[in-house]
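Visitor: Each residue of the sequence shown is one higher than the one before, starting from 4 at the first, in the working numbering. Before anything else, here's the structure in question.
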Amino acid sequence: MTFPLFSRVILVEDILEENLFAGDIGTVVEYYPATNENPEGYEVEFFSANGETLAVVSLIAAALRAATRRDILHVRQLMAA
């Protein structure tokens, strides 16, 4: 498992249908081991600054990176749907 459960991860690609962008921060809430048909994957929950769930998305490991001590949090307003 690349990312432990409940760890913070950084999205590395935009997911426009969920209004998520590279750099958004999420929390790993489920792990899916790789199979012959599918790569390693994760269920990641994304929150607003006040803690409201914005999206829960299934992603492959390549769509994420670990948060590091050199990352700084940033706030952006959601685009209108």
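All C-beta atoms, glycine included, are put in the ideal place defined by N, C-alpha and C. Since we're looking at a predicted model, the values are computed, not measured.
Excluding the 5 residues preceding and the 5 following Met4 in the sequence, name in chain order all residues of the same chain whose CB lies nearer than 6 angstroms to its CB.
Guide: Mapped onto the sequence shown, residue 4 falls at position 1. Answer for Met4: Tyr34, listed in chain order.
Visitor: Nearest by alpha-carbon distance to Phe9: which of Arg72, Met82 and Tyr45 is it?
Guide: Taking the sequence shown and counting its residues from 1, the one referred to as residue 9 is at position 6. When each option's Cα is compared against that of Phe9, the closest is Tyr45.
Visitor: Along the chain, which unbroken stretches of the beta strand (DSSP E) at least 3 residues long are found entirely within the region 20-66?
Guide: Listed in chain order, they are 28-35, 44-50 and 56-63.
Visitor: Tell me the rounded alpha-carbon separation between Leu62 and Phe50.
Guide: Counting from one through the sequence shown, the residue named residue 62 turns up at place 59. Counting from one through the sequence shown, the residue named residue 50 turns up at place 47. For Leu62 and Phe50, the distance between alpha carbons rounds to 16 angstroms.
Visitor: CB Ala70 to CB Val12, shorter than 8 angstroms?
Guide: Stepping through the sequence shown from its first residue, residue 70 is reached at position 67. Stepping through the sequence shown from its first residue, residue 12 is reached at position 9. Going by C-beta atoms, Ala70 is nearer than 8 angstroms to Val12.
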